[in-house]
Amino acid sequence: MINEVFMPALSSTMTEGKIVSWQKSTGDWVEKGETVVVVESDKADMDVESFSSGYLANIIVEAGDVAAVGSTIALLAETEAEIETAKQQGGTTAKQETAPAASTAASAVATAPTSVTTETKENNGRRNGRIIASPRARKLAKKLKVDLSTLKGTGPHGRIVAEDVEMATGSTPTPAAAPAKTATPVIPTQPSIPTAPPPPSAPPTPVTPGQVVKMNTLQNAVVRNMMVSLSVPTFHVGYTIATDNLDGLYKQIKSKGVTMTAMLAKAIAMTLQQHPLLNAAYVEGGIQYPSGINISVAVAMPDGGLITPVLQNADKMDIYSLSRTWKGLVEKARAKQLQPDEYSTGTFTLSNLGMFGVNQFDAILPPGQGSILAIGAS
Numbered sequence: 161m162i163n164e165v166f167m168p169a170l171s172s173t174m175t176e177g178k179i180v181s182w183q184k185s186t187g188d189w190v191e192k193g194e195t196v197v198v199v200e201s202d203k204a205d206m207d208v209e210s211f212s213s214g215y216l217a218n219i220i221v222e223a224g225d226v227a228a229v230g231s232t233i234a235l236l237a238e239t240e241a242e243i244e245t246a247k248q249q250g251g252t253t254a255k256q257e258t259a260p261a262a263s264t265a266a267s268a269v270a271t272a273p274t275s276v277t278t279e280t281k282e283n284n285g286r287r288n289g290r291i292i293a294s295p296r297a298r299k300l301a302k303k304l305k306v307d308l309s310t311l312k313g314t315g316p317h318g319r320i321v322a323e324d325v326e327m328a329t330g331s332t333p334t335p336a337a338a339p340a341k342t343a344t345p346v347i348p349t350q351p352s353i354p355t356a357p358p359p360p361s362a363p364p365t366p367v368t369p370g371q372v373v374k375m376n377t378l379q380n381a382v383v384r385n386m387m388v389s390l391s392v393p394t395f396h397v398g399y400t401i402a403t404d405n406l407d408g409l410y411k412q413i414k415s416k417g418v419t420m421t422a423m424l425a426k427a428i429a430m431t432l433q434q435h436p437l438l439n440a441a442y443v444e445g446g447i448q449y450p451s452g453i454n455i456s457v458a459v460a461m462p463d464g465g466l467i468t469p470v471l472q473n474a475d476k477m478d479i480y481s482l483s484r485t486w487k488g489l490v491e492k493a494r495a496k497q498l499q500p501d502e503y504s505t506g507t508f509t510l511s512n513l514g515m516f517g518v519n520q521f522d523a524i525l526p527p528g529q530g531s532i533l534a535i536g537a538s
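Letter by letter, the sequence shown follows residues 161 to 538 in the numbering used here.
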């Protein structure tokens, strides 16, 4: 059986995705539930897991290319004998075949991994000359400048995992496979991964006069959302307030790590508690009042576009927790590591251009929300 890997819809507004990188090479064995590809959606870079087991026989959409949601991006062969057939086959298999493919995936798990186990035991984290490592281990090795070929994998079938990379950078040598399985669990070691700064963005390419520069995935998503917002009847209300008390409080607590964004989000959340209609949104047949107060805050991305990380349940958090949470969300947004619930659950949006000296502007209402607050300079 040859199964298709489809471009998934990673957000409600996503219509296409860009392949950032394939975590497996052609011919590699892929377990069901294992990350096979990293996709750039209209919000973030996301690991995409395989829904079936098999050999990655044919990569149809290469890294750097874009594919529509639901289109075939790769083919998985359940047996080695089917690899050549899959290589000659394009993404023409009907989507209806995915259901039987899922039902037959269990047999592939029971048969194919037998030969893989033998190979990995002999080759220590290698298969057919390729290094077998988890996506997290590869990212960590790149950040810590560790050569994966020098490591002994302690994961399933000799796979190199993040623990192996971390142990290689310590003062003690990497232990044998058996002791490593009883060492510190994976969960406590994961927080060390984000500590390394994300790789710097590539410098912008000089633009030639008259040239048309293609927009990236995030910029295209912003355009689509803006067009949707134009179909929503809106009205604008402006009001000038004195911020002396706000500025005074900010000066007092700024040294404790409190940000102006967190202070504004907290003020908005307290206001929404008193005026729940501002936190509501129109849905077909009525007005929907959400169960929580989740403040989306617009953040400009270095490579263009806009994303709105969400401070969930902002009304229930103190100002210090909000500041810490916001700092983490911004770091993840810049690194394109936000999870869907961290950017798609907002009930009210804050857009602040005051730091740029802008006095006033018209913010565009995001889809699915009823209100947005635009803040200018004081």
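Where is the CB? At the ideal position from N, CA and C, for every residue including glycine.
Residue i versus residue j - alpha carbon distance
{"i": "residue 302", "j": "residue 308", "result": "9 Å"}
{"i": "residue 177", "j": "residue 496", "result": "14 Å"}
{"i": "residue 439", "j": "residue 380", "result": "27 Å"}
{"i": "residue 529", "j": "residue 393", "result": "12 Å"}
{"i": "residue 213", "j": "residue 513", "result": "49 Å"}
{"i": "residue 538", "j": "residue 234", "result": "53 Å"}
{"i": "residue 490", "j": "residue 471", "result": "11 Å"}
{"i": "residue 325", "j": "residue 191", "result": "22 Å"}
{"i": "residue 268", "j": "residue 163", "result": "Its pLDDT being 34, under 50, residue 268 is placed unreliably by the model, and the measurement read from it follows with that caveat. One C-alpha to the other measures close to 11 Å."}
{"i": "residue 328", "j": "residue 168", "result": "35 Å"}
{"i": "residue 227", "j": "residue 179", "result": "8 Å"}
{"i": "residue 452", "j": "residue 507", "result": "8 Å"}
{"i": "residue 232", "j": "residue 187", "result": "18 Å"}
{"i": "residue 405", "j": "residue 436", "result": "25 Å"}
{"i": "residue 312", "j": "residue 320", "result": "7 Å"}
{"i": "residue 510", "j": "residue 211", "result": "38 Å"}
{"i": "residue 322", "j": "residue 306", "result": "11 Å"}
{"i": "residue 374", "j": "residue 367", "result": "11 Å"}
{"i": "residue 484", "j": "residue 413", "result": "13 Å"}
{"i": "residue 527", "j": "residue 520", "result": "22 Å"}
{"i": "residue 197", "j": "residue 500", "result": "17 Å"}
{"i": "residue 298", "j": "residue 515", "result": "38 Å"}
DSSP state of residue i mapped onto helix, strand, coil
{"i": "residue 307", "result": "coil"}
{"i": "residue 325", "result": "helix"}
{"i": "residue 434", "result": "helix"}
{"i": "residue 481", "result": "helix"}
{"i": "residue 215", "result": "strand"}
{"i": "residue 177", "result": "strand"}
{"i": "residue 423", "result": "helix"}
{"i": "residue 386", "result": "helix"}
{"i": "residue 404", "result": "helix"}
{"i": "residue 497", "result": "coil"}
{"i": "residue 515", "result": "helix"}
{"i": "residue 220", "result": "coil"}
{"i": "residue 170", "result": "coil"}
{"i": "residue 240", "result": "helix"}
{"i": "residue 538", "result": "coil"}
{"i": "residue 490", "result": "helix"}
{"i": "residue 524", "result": "coil"}
{"i": "residue 502", "result": "helix"}
{"i": "residue 394", "result": "coil"}
{"i": "residue 368", "result": "coil"}
{"i": "residue 195", "result": "strand"}
Identity of the residues DSSP links to residue i by a beta bridge
{"i": "residue 230", "result": "In DSSP, residue 230 forms no bridge with anything."}
{"i": "residue 376", "result": "Paired residues: none, contrary to the question."}
{"i": "residue 441", "result": "448"}
{"i": "residue 510", "result": "457, 533"}
{"i": "residue 409", "result": "None, per the DSSP bridge assignment."}
{"i": "residue 206", "result": "199"}
{"i": "residue 473", "result": "None, per the DSSP bridge assignment."}
Cut-off 6 Å between Cβ atoms - residues of its own chain near residue i, not counting five sequence neighbours on either side
{"i": "residue 195", "result": "183, 207, 209, 295"}
{"i": "residue 170", "result": "201, 206"}
{"i": "residue 249", "result": "none"}
{"i": "residue 224", "result": "none"}
{"i": "residue 524", "result": "386, 389"}
{"i": "residue 403", "result": "538"}
{"i": "residue 431", "result": "none"}
{"i": "residue 444", "result": "none"}
{"i": "residue 475", "result": "429, 433, 453"}
{"i": "residue 193", "result": "209"}
8 Å CB neighbourhood of residue i in its chain, flanking five on each side removed
{"i": "residue 469", "result": "456, 457, 459, 486, 489, 490, 492, 493, 498, 502, 503"}
{"i": "residue 424", "result": "510, 512, 535"}
{"i": "residue 448", "result": "440, 441, 442"}
{"i": "residue 409", "result": "423"}
{"i": "residue 450", "result": "439, 440, 441, 507"}
Other residues of its chain near residue i: CB distance less than 7 Å, five sequence neighbours each side excluded
{"i": "residue 505", "result": "454, 470, 472"}
{"i": "residue 442", "result": "530"}
{"i": "residue 428", "result": "455, 508, 510, 533"}
{"i": "residue 376", "result": "463, 464, 465"}
{"i": "residue 422", "result": "479, 482, 483, 486"}
Would the region 468-480 count as touching the region 410-419 if we require 3 or more Cβ pairs under 8 Å?
Taking a contact to require three or more Cβ pairs closer than 8 Å, the region 468-480 and the region 410-419 qualify as touching.
Does the region 447-464 come close enough to the region 487-496 that 3 or more CB-CB pairs lie under 8 Å?
Counting Cβ pairs under 8 Å, three or more are found: they touch.
Any contact between the region 213-222 and the region 239-246? By contact I mean 3 or more CB pairs, one from each, below 8 Å.
Note that the region 213-222 touches the region 239-246; at least 3 beta-carbon pairs, one per stretch, sit closer than 8 Å.
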